[in-house]
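Residue 304 in numbering that gives the first Met the number 0 sits at position 305 of the sequence shown, with consecutive numbering throughout. Structure first, commentary second.
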Amino acid sequence: MTATLEQLHRCHLAVDLGAARTRVYVRGAGLVVDQPSVAAVNTRTGSLIAVGEFAERMTGRTPGYIRVVRPVSGGTVVDIEMAQRMLRHLLGDKLRRALRRKPRLRAAVCTPHDADPLAQRAAMETLVGLGARRVELVDTLIAAAVGCGLPVERAEASMIMVCGSAATQVAVLSLGSIVTAERVPVGGEAVDHAIVQHLRTQHELMLPSQSVRPLQLTLSGNGITPQGPATTEIHGRDVSTGLTRSVRIDTAAVREAIHTPLTSVLDGIGKVLRDCPPDLVADLVDRGIMMVGGSALLPGLDEMLREATGMPVQIAERPDVCAVLGLGAMLEGKIEPMVLDPLAS
Ligand SMILES: Nc1ncnc2c1ncn2[C@@H]1O[C@H](COP(=O)(O)OP(=O)(O)OP(=O)(O)O)[C@@H](O)[C@H]1O
Ligand SMILES: [Mg+2]
Numbered sequence: 000m001t002a003t004l005e006q007l008h009r010c011h012l013a014v015d016l017g018a019a020r021t022r023v024y025v026r027g028a029g030l031v032v033d034q035p036s037v038a039a040v041n042t043r044t045g046s047l048i049a050v051g052e053f054a055e056r057m058t059g060r061t062p063g064y065i066r067v068v069r070p071v072s073g074g075t076v077v078d079i080e081m082a083q084r085m086l087r088h089l090l091g092d093k094l095r096r097a098l099r100r101k102p103r104l105r106a107a108v109c110t111p112h113d114a115d116p117l118a119q120r121a122a123m124e125t126l127v128g129l130g131a132r133r134v135e136l137v138d139t140l141i142a143a144a145v146g147c148g149l150p151v152e153r154a155e156a157s158m159i160m161v162c163g164s165a166a167t168q169v170a171v172l173s174l175g176s177i178v179t180a181e182r183v184p185v186g187g188e189a190v191d192h193a194i195v196q197h198l199r200t201q202h203e204l205m206l207p208s209q210s211v212r213p214l215q216l217t218l219s220g221n222g223i224t225p226q227g228p229a230t231t232e233i234h235g236r237d238v239s240t241g242l243t244r245s246v247r248i249d250t251a252a253v254r255e256a257i258h259t260p261l262t263s264v265l266d267g268i269g270k271v272l273r274d275c276p277p278d279l280v281a282d283l284v285d286r287g288i289m290m291v292g293g294s295a296l297l298p299g300l301d302e303m304l305r306e307a308t309g310m311p312v313q314i315a316e317r318p319d320v321c322a323v324l325g326l327g328a329m330l331e332g333k334i335e336p337m338v339l340d341p342l343a344s
């Protein structure tokens, strides 16, 4: 599926349409969009009211006639028309005009490793609607590995873990290709959901989704590792009375709740290692796992993986934007093509 470096070098813009955030890199201009993949629509007129940050802030706070929608779900564009309208607004007039001036606009877009033809088609159609004459598809795992500076093209193994919002992808790469990969349908959303459910069942407290991140931060700097504070106070709404209430919760129990969805991520890593040829596993023991994606920032996740796998674990420098920056580097021609047979030259 992944396009060649030469094809990518001819592209003008690169897009990463994620379930949580949309990122756009324009050749010569850099990363120009990094906004939530959210749009707010007026259901009476069908017009767009807001996109990105503004629309996300409206979630759960809208009157009946405004609907907040997410056109990308689980790494797939589920509403092509809405995704196009959202992207047009996120790009803004000035940039759109500049891109329209290109006679043959070419775009690159990254899609999850196991994206089916329908999902690939949806990503392409979205960009065709934006005026692209040609769309190149790149595997997110490859784009992210390039973006975080892994030596993808060498004959040695690197392991990457892309922790997105809807899913976590784990893969071993060698010689510019994916040797084995696994996609686990557990990401940042599942972790947030586990926290909300825990408070609901154990403390009869409803926690607005916006409060989950501050709670995670309270659990940090040590996060999901056991050295944090023993208890913390949080505010929410009582499930039965509907009145606001604050409770003192046991952080160890919250950590336990987070661990449950993360065990399937550990299973995914185990499966990739089992499927991997032994020579490559030997490389991985020294080099370890590189974590990218927004959920790699979940406090303490790296420590947990280190303990569970016994391998070195590293978080990329800018984990959330690695994939689009990797695409960007390929667009700008910063990545040297691999010479498979140096003796021939
Ligand atoms: N500082 C943070 N701590 C914990 N989680 C975070 C942090 N920042 C972002 N996240 C989580 O990361 C997720 C977003 O990651 P990312 O931006 O990689 O998603 P995406 O690329 O849109 O999703 P996908 O690739 O799965 O379609 C969200 O679920 C968010 O909760
Ligand atoms: Mg992503």
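C-beta: ideal position from N, C-alpha, C; glycine also.
Quiz item: Hey, which unbroken runs of the beta strand (DSSP E) at 3 residues or more fall wholly within the segment 284-340?
Solution: 288-291 and 312-314
Quiz item: Touch check for the segment 272-292 and the segment 195-209: three-plus C-beta pairs under 8 Å?
Solution: no
Exercise. Helix, strand or coil for residue 76, going by three-state DSSP, please let me know.
Key: In the three-state scheme derived from DSSP, where H, G and I count as helix and E and B as strand, residue 76 is classed as strand.
Quiz item: Is there at least one non-hydrogen atom of ligand 2 closer than 7 Å to the beta-carbon of residue 322?
Solution: yes
Exercise. If I'm right that residue 169 touches residue 271 with Cβ under 8 Å, what's the distance once you round it to whole angstroms?
Key: 5 Å
Self-check item: Coil, strand or helix - residue 9 by DSSP
Solution: coil
Quiz prompt | Proximity of residue 24 and residue 13 at Cβ, strictly below 8 Å | solution = At the C-beta level, residue 24 and residue 13 come within 8 Å of one another.
Quiz prompt | Continuous beta strand (DSSP E) assignments of at least 3 residues falling wholly in the segment 90-151 | solution = 105-110 and 133-138
Quiz prompt | When 99, 154 and 137 are compared against residue 113, the one with the closest alpha-carbon | solution = 137
Quiz item: Can you find at least 3 beta carbon pairs, one from the segment 123-141 and one from the segment 75-82, that sit closer than 8 Å?
Solution: yes
Practice problem: For residue 59, verify whether its CB is less than 7 Å away from any heavy atom of ligand 1. | Solution: no
Quiz prompt | Span of the beta strand (DSSP E) around residue 230 | solution = 230-237
Quiz prompt | residue 163 CB to nearest heavy atom of ligand 2 below 7 Å | solution = yes
Quiz item: Since residue 22 and residue 15 are thought to touch, with beta carbons under 8 Å apart, how far apart are those beta carbons, to the nearest angstrom?
Solution: The Cβ separation is near 4 Å, so the contact holds.
Quiz item: Looking at C-beta atoms only, is the number of pairs between the segment 161-180 and the segment 290-309 that lie closer than 8 Å three or more?
Solution: The segment 161-180 vs the segment 290-309: in contact.
Exercise. Pick helix, strand or coil for residue 62, following the three-state DSSP scheme.
Key: coil
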